[in-house]
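Take a look at the structure set out below.
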Amino acid sequence: MHEAPLKGIKVLDMGWVMVGPMSGRYLADLGADVVKVESRQRIDPLRTLGPFKDGVAGPERTLSYHFINAGKRSLALDLSRQAAREIVRTLAGDSDVLIESFTPGVMARMGLDYPRLRETNPRLVMASTCIMGQTGPAANTSGVGTLGAAYAGMSNLMGWPDRPPTGPYGAWTDSVAPRFVVAAILAALHRRRHTGLGCHIDVAQAEAGLQFVLPAWFDYAANGHVAARRGGVPDPLRAPCGVYPCAGEDRWVAIDAADPAHWRALARCLGAPVDGPAFATVTARLRRRAALDEAISAWTRLRTDIEAEATLQAAGVPAHAVSHANDLDADADLAADGYFQQVEAPVIGPCRIRGAQFRIAPAATEPARPGPCIGDGTDTVLRERCGLSEARIAELRADGVLQ
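Just so we're aligned: the sequence shown equals residues 37 to 439 in my numbering.
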């Protein structure tokens with residue numbers, strides 16, 4: 037088996053909460069040595085968000101942090117101190133990649149912006165990601181992924197037509213943008229192999245989110261039509277297509293049988309209620325969507341979500357039970373893929389986190405490791421990467437530079 041694709045690549049992760057750290061997590065999964073810069077004085081908010089193991093709060097007890105920062109080492113620095121910034125500068129001079137997610141201007145004020153870091157390391161690939169990007173009239177906008185979802189228009193599209201918009205679950209663009217950040221970093225590393233030069237990557241999280249609502253924008257650009265909230269209708273041009281109630285409390289099955297072959301298979305399962313001229317054509321099904329959905333719901337209500345899924349899948353109908361968190365934990369396919377991995381964390385002991393989301397055969401897959409405790413790699417990183425002596429490290433710690 038070959039070594040992991042990014043084995044030997046050194047990454048300095050200066051992000052916090054989700055978008056920057058998740059980008060670093062993907063690189064760690066690919067074999068990179070990722071050092072996360074953080075501080076006890078200004079703690080990463082992710083360490084305070086939970087959920088906490090056994091319901092006991094603490095900065096080392098949140099599974100969210102372990103999930104997003106798995107496989108990294110932690111370097112604890114007080115970045116308000118010049119000596120700490122010099123350490124970052126030294127590490128950047130020895131790194132292949134630096135990721136940061138500060139508001140534009142913060143890195144420059146610390147003397148750690150790309151033009152200055154490039155002076156000592158022209159091979160450095162630096163990725164900056166913030167809500168609105170590094171340039172433009174809104175560049176100084178600060179915020180989190182909920183703001184990015186609002187800017188992209190996703191918040192306005194989710195919910196019922198007669199109610200206020202609900203927006204997506206969680207800080208949406210924080211989970212969307214890392215895919216773009218990592219793709220750009222990998223492209224930049226490939227470019228560097230040919231040119232010998234690094235570059236500065238700018239990823240606007242709101243623009244990354246915009247990619248997922250482009251069909252609505254296309255419709256406006258082509259027809260002047262402004263998309264509106266549709267409630268339980270996922271696609272106005274596909275019927276039947278939706279989520280239908282099943283037996284049991286809050287159990288549902290998702291069905292998409294708009295294509296003719298899938299519709300015929302579904303009609304055979306449902307029988308008389310839909311097997312007739314009233315629903316014989318695509319146009320008829322679209323015009324009588326409400327009646328069609330009620331006929332399907334009458335069938336699904338008599339079955340559990342698992343039974344409905346099994347029956348429809350066996351008939352060739354795209355369908356799947358709507359999962360709850362406990363369903364995912366017990367899912368046989370996720371278990372077979374090794375999606376969830378048991379790890380031993382220093383403070384909370386055994387816990388389950390996500391493993392790598394991909395396999396690149398015959399390259400090795402990095403084993404799952406928990407996220408770091410604050411500063412657990414400080415001394416090692418300063419010795420190995422910065423060449424500092426034990427005496428100098430002790431001095432920096434006594435001065436409060438090391439947090």
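A virtual CB, placed ideally from N, CA and C, is assigned to each residue, including glycine.
For Ala283, which option in Gly268, Leu322 and Trp335 has the closest C-alpha, if you only look at C-alpha atoms? One-based indexing of the sequence shown puts residue 283 at position 247. Checking every option, the nearest Cα to that of Ala283 belongs to Trp335.
Between Gly184 and Thr209, what straight-line distance do the alpha-carbon atoms span, to the nearest angstrom? For the purposes of this step, residue 184 is identified with residue 148 of the sequence shown, where counting begins at 1. For the purposes of this step, residue 209 is identified with residue 173 of the sequence shown, where counting begins at 1. So the two alpha carbons sit approximately 6 Å from each other.
Starting from Val380, follow its DSSP beta bridges and name the residues at the other end. Taking the sequence shown and counting its residues from 1, the one referred to as residue 380 is at position 344. For clarity, residue 380 is Glu in the given sequence; the question names Val instead. Looking at the DSSP assignment, Glu380 forms a beta bridge with Pro386.
Just to confirm, is the Cβ distance from Val73 to Leu42 under 7 Å? If you number the sequence shown from 1, residue 73 lands on position 37. If you number the sequence shown from 1, residue 42 lands on position 6. Not in contact: Val73 and Leu42 (Cβ atoms no closer than 7 Å).
May I ask which residues mark the beginning and end of the alpha helix (DSSP H) holding Val142? Looking up residue 142 in the sequence shown gives position 106. Looking at the DSSP string, the run of the alpha helix (DSSP H) that includes Val142 is Val142 to Arg145.
Look up Ser110 in the DSSP assignment and say whether it is helix, strand or coil. Taking the sequence shown and counting its residues from 1, the one referred to as residue 110 is at position 74. Strand at Ser110.
Contact between the segment 46 to 57 and the segment 128 to 140 is defined here as three or more beta-carbon pairs at a separation below 8 Å; is this criterion met? yes
What separation, rounded to the nearest whole angstrom, lies between the Cα atoms of Ile167 and Val239? Stepping through the sequence shown from its first residue, residue 167 is reached at position 131. Stepping through the sequence shown from its first residue, residue 239 is reached at position 203. Those two C-alpha atoms are separated by around 8 Å.
Below 7 Å between beta carbons: does that hold for Pro406 and Val383? Within the sequence shown, the letter at position 370 stands for residue 406. Within the sequence shown, the letter at position 347 stands for residue 383. Cβ distance not < 7 Å, so Pro406 and Val383 don't count as in contact.
Can you tell me whether Ile237 is buried or exposed, with buried defined as 16 or more other CB within 10 angstroms of its CB? Stepping through the sequence shown from its first residue, residue 237 is reached at position 201. Ile237 is buried by the Cβ-count criterion.
Does the pairing of the segment 240 to 258 with the segment 154 to 163 give three or more beta-carbon distances under 8 Å? no
Look at the alpha carbon of Asp271 and the alpha carbon of Cys277, and state the distance between them as a whole number of angstroms. For the purposes of this step, residue 271 is taken as the residue at position 235 of the sequence shown. For the purposes of this step, residue 277 is taken as the residue at position 241 of the sequence shown. C-alpha separation (whole angstroms): 7 Å.
Proximity of Pro200 and Asn192 at Cβ, strictly below 7 Å: Locating residue 200 in the sequence shown gives position 164, where the first residue counts as 1. Locating residue 192 in the sequence shown gives position 156, where the first residue counts as 1. No.
Stretch-stretch touch, CB-based, cutoff 8 Å, three pairs: the segment 421 to 435 with the segment 116 to 132: yes
Kindly provide the ranges of any beta strand (DSSP E) runs that are 3 or more residues long and lie completely inside the segment 52 to 90, ordered along the chain. 69 to 74
Roughly how many whole angstroms lie between the Cα atoms of Thr177 and Ala397? Here residue 177 corresponds to residue number 141 of the sequence shown, with the count starting at 1. Here residue 397 corresponds to residue number 361 of the sequence shown, with the count starting at 1. About 42 Å.
Whose C-alpha, out of Ser59, His261, Leu48 and Gly423, is nearest the C-alpha of Ala219? Counting from one through the sequence shown, the residue named residue 219 turns up at place 183. Among Ser59, His261, Leu48 and Gly423, the Cα nearest to that of Ala219 is on Ser59.
Where are the alpha helix (DSSP H) runs, 4 residues long or more, that stay fully inside the segment 161 to 222, in chain order? 181 to 188 and 190 to 193
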